[in-house]
Amino acid sequence: MAPPSTRRTGFSKRAQYGTFFGYIAAFAGALLGGGVLLVSILDKSAFSGVRGIAADVTAPAGTAVAASRGTVHDFGATLYGWATWGVTNARMTRELELTRVRLAEARATDEENRRLKALLGLREPAAGSATPPLVFARLINSTASSLRRFATISAGRNQGVTVGMPVRSATGLVGRVLEVNGSTARVLLITDPDSVVPVRRARDGLAAFASGHGDGTLQLRLISLGINPLKPGDVFVTSGSGGLYHPNTAVAVVTELTRDGANARVLSDPTASEFVAVDPVFAEAVHMPEALVPVVDAPPSTRPRKKKAAP
Amino acid sequence: MMLGPAAATPRINRAPSPLIARSLPWLVVMFGSLLQTLPLIASAPVMPPFGFLFLVAWRQLRPGLLPVWAGLPLGLVDDLFSGQPMGSAMLLWSATMIAMDLIEQRFPWRSYLLEWAVAAAFIVAYLLFASAVAHMGASGPFVGVLMPQLVLSILVFPLGERFVAACDRLRLWRFRVLP
Numbered sequence: 043m044a045p046p047s048t049r050r051t052g053f054s055k056r057a058q059y060g061t062f063f064g065y066i067a068a069f070a071g072a073l074l075g076g077g078v079l080l081v082s083i084l085d086k087s088a089f090s091g092v093r094g095i096a097a098d099v100t101a102p103a104g105t106a107v108a109a110s111r112g113t114v115h116d117f118g119a120t121l122y123g124w125a126t127w128g129v130t131n132a133r134m135t136r137e138l139e140l141t142r143v144r145l146a147e148a149r150a151t152d153e154e155n156r157r158l159k160a161l162l163g164l165r166e167p168a169a170g171s172a173t174p175p176l177v178f179a180r181l182i183n184s185t186a187s188s189l190r191r192f193a194t195i196s197a198g199r200n201q202g203v204t205v206g207m208p209v210r211s212a213t214g215l216v217g218r219v220l221e222v223n224g225s226t227a228r229v230l231l232i233t234d235p236d237s238v239v240p241v242r243r244a245r246d247g248l249a250a251f252a253s254g255h256g257d258g259t260l261q262l263r264l265i266s267l268g269i270n271p272l273k274p275g276d277v278f279v280t281s282g283s284g285g286l287y288h289p290n291t292a293v294a295v296v297t298e299l300t301r302d303g304a305n306a307r308v309l310s311d312p313t314a315s316e317f318v319a320v321d322p323v324f325a326e327a328v329h330m331p332e333a334l335v336p337v338v339d340a341p342p343s344t345r346p347r348k349k350k351a352a353p
Numbered sequence: 015m016m017l018g019p020a021a022a023t024p025r026i027n028r029a030p031s032p033l034i035a036r037s038l039p040w041l042v043v044m045f046g047s048l049l050q051t052l053p054l055i056a057s058a059p060v061m062p063p064f065g066f067l068f069l070v071a072w073r074q075l076r077p078g079l080l081p082v083w084a085g086l087p088l089g090l091v092d093d094l095f096s097g098q099p100m101g102s103a104m105l106l107w108s109a110t111m112i113a114m115d116l117i118e119q120r121f122p123w124r125s126y127l128l129e130w131a132v133a134a135a136f137i138v139a140y141l142l143f144a145s146a147v148a149h150m151g152a153s154g155p156f157v158g159v160l161m162p163q164l165v166l167s168i169l170v171f172p173l174g175e176r177f178v179a180a181c182d183r184l185r186l187w188r189f190r191v192l193p
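Protein sequence lines correspond, in order, to chains A and B.
Everything in the first sequence is counted per our numbering, starting at 43 for the first residue and increasing by one.
Everything in the second sequence is counted per our numbering, starting at 15 for the first residue and increasing by one.
This is how it looks when you write it as structure tokens:
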């Protein structure tokens with residue numbers, strides 16, 4: 043039997059009007075949705091309050107379950123580890139010996155660096171990434187079906203988090219705070235296509251911008267164009283230009299070259315990081331808030347400040 | 015397991031609850047939207063938009079149960095949790111409900127494959143529009159990134175329909191009526 047049509051309502055005036063107003067409401071709803079969409083595209087923080095309440099409400103459940111995520115994620119790695127532990131152990135022992143020597147050398151270089159900087163009279167930021175993080179938080183969830191890459195962390199206004207603060211895990215940069223709610227905050231991950239992070243090559247300070255692809259990889263765009271000097275395996279760290287991210291936080295490692303840069307893999311995989319640290323905004327942490335002033339009148343946007351990165 | 019009104023022995027003193035019969039479709043779709051906040055950290059969009067899948071499934075299995083304007087309130091709930099710009103689901107879900115109504119008027123006789131094809135078309139259109147909205151003005155098509163999610167959503171849809179059908183049986187569960 044063909045399904046009965048909901049439009050044929052018979053002679054009942056009440057049913058006829060009900061159907062008619064239903065359609066009116068449907069079209070009005072579509073128009074209203076379009077209007078809201080337009081507003082939220084033009085002003086990205088327009089509805090953050092409503093979303094914030096929703097995120098705060100669902101946070102406790104997320105925090106409870108997030109504890110087991112690391113275990114599940116590591117299951118495959120555990121199996122693999124059982125099969126290869128002997129070889130790995132030998133290799134790691136060898137590497138550890140080498141690393142100890144390198145570490146001692148690096149300490150010496152560090153010391154020398156400090157002396158030379160003092161000689162130059164440079165205003166030393168509080169030892170760069172050695173600034174104590176503002177708060178540690180749990181990474182609760184991320185948008186799972188939208189192309190936008192947001193995550194929610196379990197710290198918010200009550201813990202002193204404000205908009206713009208960089209978020210990092212033990213292995214590298216995760217993103218920056220975009221919206222702050224009472225006990226949670228929404229983080230723009232560096233893999234979001236709208237996120238731009240000023241970076242430099244760890245080896246020689248070659249400056250570039252890292253923006254997300256949306257699928258967990260990054261696109262590195264070099265600032266000075268020409269012959270592409272990148273190689274797979276190059277490690278990129280934040281450069282600190284722009285005043286948001288602390289310099290020398292690890293970001294990505296190059297996997298394949300493109301015409302004007304490279305594709306890179308994120309070092310701090312958000313799926314594997316359970317706890318993250320929220321740092322104060324770099325320029326304020328080193329008592330140079332004037333570094334952020336010239337761009338204050340720019341309209342709020344999801345992009346970090348684009349500035350010419352110093353090599 | 016005996017569920018629903020079609021239980022073999024109709025017993026006296028039992029009647030479906032009008033509250034559950036009316037509200038369950040709405041609750042199921044909102045539950046689907048909430049699934050997006052599962053404590054998973056995804057580095058790419060892979061999770062099917064369950065709220066949208068459940069909405070389409072309800073609309074196809076029980077036409078007329080959700081009114082035509084249901085896309086607006088349900089889309090509002092989805093927008094709160096999806097990370098899309100506010101209003102994108104409100105607009106797209108409303109448009110979906112209207113378009114599905116038109117399709118039902120035009121093709122009253124449908125087979126299951128046709129239903130699936132229609133749903134797949136809606137899912138593809140929804141995800142493409144949603145990604146276009148999420149990256150207004152950004153460069154490059156994101157079809158490559160979306161492809162796994164598209165395929166997964168289309169394949170998962172019959173399972174979502176099964177779930178909705180089970181909920182539909184639960185909807186008319188006969189509760190004991192107090193005299």
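We put the beta carbon where it would ideally sit given N, CA and C, even for glycine.
Bear in mind the structure is a predicted one, so any value in this text is a computation, not a measurement.
Rounded separation between residue i and residue j - CA only
{"i": "A/G285", "j": "A/L215", "result": "15 Å"}
{"i": "A/S283", "j": "A/V209", "result": "16 Å"}
{"i": "A/G64", "j": "A/S187", "result": "30 Å"}
{"i": "A/G60", "j": "B/L67", "result": "27 Å"}
{"i": "B/L86", "j": "A/A67", "result": "9 Å"}
{"i": "B/L80", "j": "A/V277", "result": "53 Å"}
{"i": "A/T233", "j": "A/S184", "result": "12 Å"}
{"i": "A/V81", "j": "A/L74", "result": "11 Å"}
{"i": "A/R245", "j": "B/H149", "result": "34 Å"}
{"i": "A/P312", "j": "A/I195", "result": "12 Å"}
{"i": "A/P76", "j": "A/A70", "result": "Per the sequence shown, the amino acid found at residue 76 of chain A is Gly instead of Pro. C-alpha separation (whole angstroms): 10 Å."}
{"i": "B/G158", "j": "A/F53", "result": "52 Å"}
{"i": "B/S145", "j": "A/L189", "result": "6 Å"}
{"i": "A/L181", "j": "A/M207", "result": "15 Å"}
{"i": "B/R124", "j": "A/Q201", "result": "56 Å"}
{"i": "B/M15", "j": "B/W40", "result": "Bear in mind that the predicted position of B/M15 carries a pLDDT of just 43, short of 50, making it unreliable; the figure below should be weighed with that in mind. So the alpha carbons of these two residues sit roughly 25 Å apart."}
{"i": "A/A179", "j": "A/P102", "result": "13 Å"}
{"i": "A/D321", "j": "A/S253", "result": "21 Å"}
{"i": "A/L121", "j": "A/N131", "result": "15 Å"}
{"i": "A/I83", "j": "B/M104", "result": "14 Å"}
Other residues of its chain near residue i: CB distance less than 6 Å, five sequence neighbours each side excluded
{"i": "A/K273", "result": "none"}
{"i": "B/S47", "result": "G65, V91, D92 and F95"}
{"i": "B/E175", "result": "A71"}
{"i": "A/G198", "result": "V222, N223, G224, S225, T226 and A227"}
{"i": "B/T51", "result": "F95"}
{"i": "B/V60", "result": "P162 and Q163"}
Reference residue i; option with closest CA among the options
{"i": "B/V43", "options": "B/V191, B/A135 and B/L88", "result": "B/L88"}
{"i": "A/G94", "options": "A/V323, A/A244 and A/V222", "result": "A/V222"}
{"i": "B/L106", "options": "A/L299, A/A125 and A/L79", "result": "A/L79"}
{"i": "A/T300", "options": "A/I269, A/R142, A/A97 and A/S196", "result": "A/I269"}
{"i": "A/V295", "options": "A/N305, A/Y287, A/F192 and A/P289", "result": "A/N305"}
{"i": "A/R263", "options": "A/G303, A/S225, A/R136 and A/G198", "result": "A/G303"}
{"i": "A/H255", "options": "A/V238, A/G247, A/R242 and A/A249", "result": "A/V238"}
{"i": "A/R242", "options": "A/G206, A/L231, A/Q58 and A/Y287", "result": "A/Y287"}
{"i": "B/S102", "options": "A/T130, A/A72 and A/S310", "result": "A/A72"}
{"i": "A/A319", "options": "A/A125, A/V177 and A/A193", "result": "A/V177"}
{"i": "B/R36", "options": "B/R25, B/D182 and B/V191", "result": "B/D182"}
{"i": "A/G91", "options": "A/L220, A/R191 and A/Q261", "result": "A/L220"}
Cβ neighbours of residue i in the same chain (closer than 8 Å, five flanking residues each side left out)
{"i": "B/P30", "result": "P19, R185, L186, W187, R188 and F189"}
{"i": "B/V70", "result": "T110, M114, A133, F136, I137 and F171"}
{"i": "A/T259", "result": "T233, T297, N305, A306, R307 and V308"}
{"i": "B/L128", "result": "F121"}
{"i": "B/L141", "result": "P63, L160, Q163, L164 and S167"}
{"i": "A/A57", "result": "T51"}
{"i": "B/V82", "result": "M111, I112 and D115"}
Other residues of its chain near residue i: CB distance less than 7 Å, five sequence neighbours each side excluded
{"i": "B/P77", "result": "E118"}
{"i": "B/A179", "result": "L75"}
{"i": "A/D98", "result": "N223, G224, S225 and T226"}
{"i": "B/F5", "result": "Here chain B covers residues 15 to 193 and nothing more, so residue 5 of chain B does not appear."}
{"i": "B/V147", "result": "Q98, P99 and S102"}
{"i": "A/G170", "result": "Only weak support exists for where A/G170 lies, its pLDDT of 47 falling under 50; the coordinates are left without a value."}
In chain order, each alpha helix (DSSP H) run of at least 4 residues that lies wholly inside the region 78-102 of chain A: none
Report the residue ranges of all beta strand (DSSP E) runs contained in full by the region 225-294 of chain A; include only those spanning at least 3 residues, in chain order. 227-231, 238-243, 249-254, 259-264 and 277-280
Contact list for the region 286-307 of chain A against chain B, Cβ threshold 7 Å: Result list empty, no residue passes.
When you check each C-beta in the region 97-108 of chain B against every C-beta of chain A, which residues fall closer than 7 Å? G97, Q98, P99, M100, G101, S102, M104, L105 and S108
If the cut-off is 7 Å on Cβ atoms, which residues from the region 82-93 of chain B count as contacting chain A, listed in chain order? V82, W83, G85, L86 and G89
Beta carbons nearer than 8 Å to chain B: which residues of the region 75-92 of chain A have them? G75, G76, G77, V78, L79, L80, V81, S82, I83, K86, A88, F89 and V92
Determine which residues of the region 224-237 of chain A have a Cβ less than 9 Å from any Cβ of chain B, and write them out in chain order. R228, L231, T233, P235 and D236
Members of the region 23-44 of chain B that neighbour chain A once the beta carbon cut-off is set at 8 Å: none
Compile a chain-ordered list of the residues in the region 248-267 of chain A whose CB is closer than 9 Å to at least one CB of chain B. H255, G256, D257, G258 and T259
Interfacial residues, the region 185-215 of chain A to chain B, with Cβ spacing under 9 Å: T185, A186, S187, S188, L189, R190, R191, F192, A193 and T194
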